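Colleague: Before we start, here is the structure in question, set down as C-alpha cells.
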Amino acid sequence: AMSGVCSGPPMREAEEGASLKLHEFSPHDLAYLAWAFAQLGFRNEPLLDALAEAVLRNIRLFSIEDLAKTAWSWATIGKEPISAEIVVACCSRARSLPPVSSWDSSEVLDTAHAFAWSAWVTARPDLAWDVFRAWASQGMTVDAATVGLLMMDGLYRRDVEAEAGLCRMLERCSAFPELAEVFAWCAGPYASHRPLPDYAMRFDTRTCPGSAVVRGSHAKLSRLVTEMRLTAEVGEPAAVLDAIRRHSFGEGQWLKVAGGGKANLIEEVLRSRPAKPTEVAVEFGVFVGYTTIRIAQRACEAAKAFPLRMLHIVGLEVEPVHVCVARWMLDLAGLSGAAEVWPGIAHDSLLRLGDEFGQRSARLCFMDHRGTKFHEDLARLEGQELLAKGAVVIADNVLKPCAPVFCWVTNHSPSYKTVNYAVGEFVQYFVEDWMVVAEFLHPPPSAIGGGGGGGGGG
Numbered sequence: 071a072m073s074g075v076c077s078g079p080p081m082r083e084a085e086e087g088a089s090l091k092l093h094e095f096s097p098h099d100l101a102y103l104a105w106a107f108a109q110l111g112f113r114n115e116p117l118l119d120a121l122a123e124a125v126l127r128n129i130r131l132f133s134i135e136d137l138a139k140t141a142w143s144w145a146t147i148g149k150e151p152i153s154a155e156i157v158v159a160c161c162s163r164a165r166s167l168p169p170v171s172s173w174d175s176s177e178v179l180d181t182a183h184a185f186a187w188s189a190w191v192t193a194r195p196d197l198a199w200d201v202f203r204a205w206a207s208q209g210m211t212v213d214a215a216t217v218g219l220l221m222m223d224g225l226y227r228r229d230v231e232a233e234a235g236l237c238r239m240l241e242r243c244s245a246f247p248e249l250a251e252v253f254a255w256c257a258g259p260y261a262s263h264r265p266l267p268d269y270a271m272r273f274d275t276r277t278c279p280g281s282a283v284v285r286g287s288h289a290k291l292s293r294l295v296t297e298m299r300l301t302a303e304v305g306e307p308a309a310v311l312d313a314i315r316r317h318s319f320g321e322g323q324w325l326k327v328a329g330g331g332k333a334n335l336i337e338e339v340l341r342s343r344p345a346k347p348t349e350v351a352v353e354f355g356v357f358v359g360y361t362t363i364r365i366a367q368r369a370c371e372a373a374k375a376f377p378l379r380m381l382h383i384v385g386l387e388v389e390p391v392h393v394c395v396a397r398w399m400l401d402l403a404g405l406s407g408a409a410e411v412w413p414g415i416a417h418d419s420l421l422r423l424g425d426e427f428g429q430r431s432a433r434l435c436f437m438d439h440r441g442t443k444f445h446e447d448l449a450r451l452e453g454q455e456l457l458a459k460g461a462v463v464i465a466d467n468v469l470k471p472c473a474p475v476f477c478w479v480t481n482h483s484p485s486y487k488t489v490n491y492a493v494g495e496f497v498q499y500f501v502e503d504w505m506v507v508a509e510f511l512h513p514p515p516s517a518i519g520g521g522g523g524g525g526g527g528g
C-alpha cells in the first residue's frame, strides 16, 4: 500500500497468497490488510468477503489499536452491508475497553476520531457519541478532530443543544480564559440548564524551548481575540480585517491568512465573478475567518439588488476552536447573517452543501486547508455536480506546503481554464508561494452523458 502498487503481477500474487493464508493471519495482520486495501481502493470482492468473515470471527481478540484501524479501513472501503457490520462490531467492542495502549497501560490513546468518523460515515452517529462518552467519562482528553466531528453531526441533525453542549465543554476546559469567553458566546442560551459531564478537549499549550512562554496555535488565537476586543470596530468588516492584518505583524503573532498580495488576487477574482441569487461561495479551511469576512463583505455589496437576504458563503473547518473564533469574528464584523462556519472534515461537510443548496450552487471555492486534499475535494465537488457554470476555484499554498496533484489536474483538465500565480507569503513577502485560479468551464468528459459525475468522492 505504501508503494502504491494496486495492480499487475505483484498484486495478483498478494491476492492469491492472502486468500490461501487468511486463516493463519493474526488480528494485527487482518487489521493491516484491510488498511492496505482501503488505502489502495482495492476491490477484489471474494477476498474482501473472506477477510470480512475472518475479522468478524476474531473481533474479540483485536487490540484497541487494531479495532481503530479496522473500523476506519472498512468505513473507507465502503462495502455494504458488511462494512457497517464490522464498524458496529469494532465500536461496540471499543466502548467497553479502556482507551489505553495495549503495550503500555499508562499511555492514553489518540484513536477516538477513527471510531467516531467510522461510525458517522456508516450512518451510526449514535455509536460515535457512545464511544466519545464512554472514553471521556474515563478521563480521556478528547482530540479536537473528534469534537469537530460531533459538532458537525449536531448541525446535520439540527440539534442545537448538542453543539451548544460541546461549546460549553470547551468553555469549561479551556486553557485560555479569553477563548473561554468565545466558547460561551458560541453556546448561547442553549443547554444552559443541562448538567455538563466532566469531559475535556486537548488544547495546544506548547511552550517555547527554555521558557514558559506559550507558543501553540491556541495561544495565538487567544492573543488575537484579546487584541480584537480592544481595537476592532464592531460592525465594520474592513476595520476587522485591518485589525487582524495589523495584529499579524506583531512578534510571535504571525497568522497564516491570505493577506497582502494574496488578498489582492482574491479581491480581483471576487470582482470578476460577483454573487448571484441561489449561488454560494465555499471556503475550505476557515482558520480565524479572515478570508470568510472578505468574501462575505464583497458578496453583500454585490447583492444589494437581491430581493431577499441571503447566505453568501459557507466556511468548512475541522478544528472546533477555529470554528468558534471564526464565528465570533464574523459577528464582530456584522456578517453573521451572510456567512456560516460549519464544523467537520470538508469531504464530509460537502454532502450537506448539496442538501442545503442543490446542484450547480457553488460559484466560488477557496481552498486553504490541506494541499494533499485539494484534488480529492475538487473531485467531490465535480462528482456531486456542485460547481456552477463559470465557478472559480482558488487554491492557496499550492507551493508551500504543496498541492501537486491539484495543480496538475486543474492545469491539464479541459474542464478548467487555469492561471498559476507566484505571490509573496503574507508578512513574509520574501517567501514565494503559488496560488491557482481555475475557472470551471464544463463537467469532466466522464460526467457528460455518463451519469454519476467525474471523480466521485475521492
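When the letters of the sequence shown are read in order and numbered with my numbering, they come out as residues 71 to 528.
All residues carry an ideal CB built from backbone N, CA and C; glycine is no exception.
Given the structure is predicted, the values throughout are model-derived calculations rather than measurements.
1) Taking the alpha carbon of residue 232 as the reference point, which residue from 369, 195, 480, 384 has its own alpha carbon closest?
2) Quick one: what's got a C-beta closer than 6 Å to residue 365's C-beta in the same chain, skipping five residues either side?
3) Are the stretch 97-107 and the stretch 122-137 in contact at 8 Å, needing three or more beta carbon pairs?
4) Helix, strand or coil: which one does DSSP assign to residue 413?
5) Measure the Cβ-Cβ separation of residue 444 and residue 465 and say whether it is below 8 Å.
6) Which complete alpha helix (DSSP H) runs does the stretch 178-227 hold, if anything under 4 residues is left out?
7) Is the beta carbon of residue 456 sitting closer than 8 Å to the one on residue 421?
8) Rounding to the nearest angstrom, what Cα-Cα distance links residue 402 and residue 117 in this structure?
9) In the DSSP output, which residue or residues are listed as bridge partners for residue 490?
10) Could you compute how far the alpha carbon of residue 446 sits from the alpha carbon of residue 487?
11) Provide the residue(s) that pair with residue 385 in DSSP beta bridges, ordered along the chain.
12) Can you give me the Cβ contacts of residue 105 inside the same chain, cut-off strictly under 6 Å, excluding the 5 residues immediately before and after it?
13) Roughly how many angstroms separate the alpha carbons of residue 490 and residue 477, rounded to a whole number?
14) Curious, which full-length alpha helix (DSSP H) runs of at least 4 residues does the stretch 107-176 contain?
15) In whole angstroms, give me the CA-to-CA distance for residue 296 and residue 248.
16) Residues in its own chain within less than 6 Å of residue 161 by CB, not counting five upstream and five downstream?
17) Per DSSP, which one or two residues make a beta bridge with residue 457?
18) Hey, out of 205, 314, 302, whose CA is closest to residue 168's CA?
19) CB-CB under 6 Å to residue 237, same chain, minus the five flanking residues each way: which ones, in chain order?
20) Does DSSP classify residue 530 as helix, strand or coil?
21) Per DSSP, residue 271 forms a beta bridge with which residues?
22) Using the DSSP secondary-structure output, state which residues sit across from residue 464 in a beta bridge.
23) How many Å lie between residue 433 and residue 172 at the Cα?
24) Can you say whether residue 342 is buried or exposed, counting buried as having 16 or more other CB atoms within 10 angstroms of its CB?
25) How long is the line joining the alpha carbons of residue 391 and residue 213, rounded to whole angstroms?
26) Kindly indicate which residue of 163, 208, 219, 159 has the alpha-carbon position closest to the one of residue 187.
27) Quick check on the DSSP output: the alpha helix (DSSP H) that includes residue 315 runs from which residue to which?
28) Between which two residues does the alpha helix (DSSP H) carrying residue 342 extend?
29) Please report the straight-line C-alpha distance between residue 335 and residue 435, rounded to a whole angstrom.
30) Can you give me the Cβ contacts of residue 298 inside the same chain, cut-off strictly under 8 Å, excluding the 5 residues immediately before and after it?
31) Between which residues of its own chain and residue 373 is the CB-CB distance below 6 Å, once the five residues before and five after are set aside?
32) Is residue 532 helix, strand or coil by DSSP?
33) How is the alpha helix (DSSP H) around residue 239 delimited, first residue to last?
34) Just how far apart, CA to CA, sit residue 481 and residue 389?
35) Please state if the CB of residue 290 and the CB of residue 493 are separated by a distance shorter than 8 Å.
36) Can you check which of these residues, 133, 93, 96, 148, is closest to residue 115 by C-alpha distance?
Modeller: By the coordinates alone:
1) 195
2) 351, 383
3) yes
4) strand
5) yes
6) 182-191, 195-206, 214-226
7) no
8) 56 Å
9) 506
10) 19 Å
11) 353, 411
12) 139, 143
13) 9 Å
14) 115-128, 134-147, 152-164
15) 7 Å
16) 185, 189, 197, 201
17) 432
18) 205
19) 253, 256, 257
20) Here the chain has residues from 71 to 528 only, and residue 530 is not among them.
21) 212
22) 436, 507
23) 49 Å
24) exposed
25) 11 Å
26) 219
27) 307-318
28) 331-342
29) 14 Å
30) 310, 313, 314, 317, 399, 402
31) 345
32) Within the shown structure, residues of the chain are numbered from 71 to 528, placing residue 532 beyond reach of any answer.
33) 230-243
34) 30 Å
35) no
36) 148
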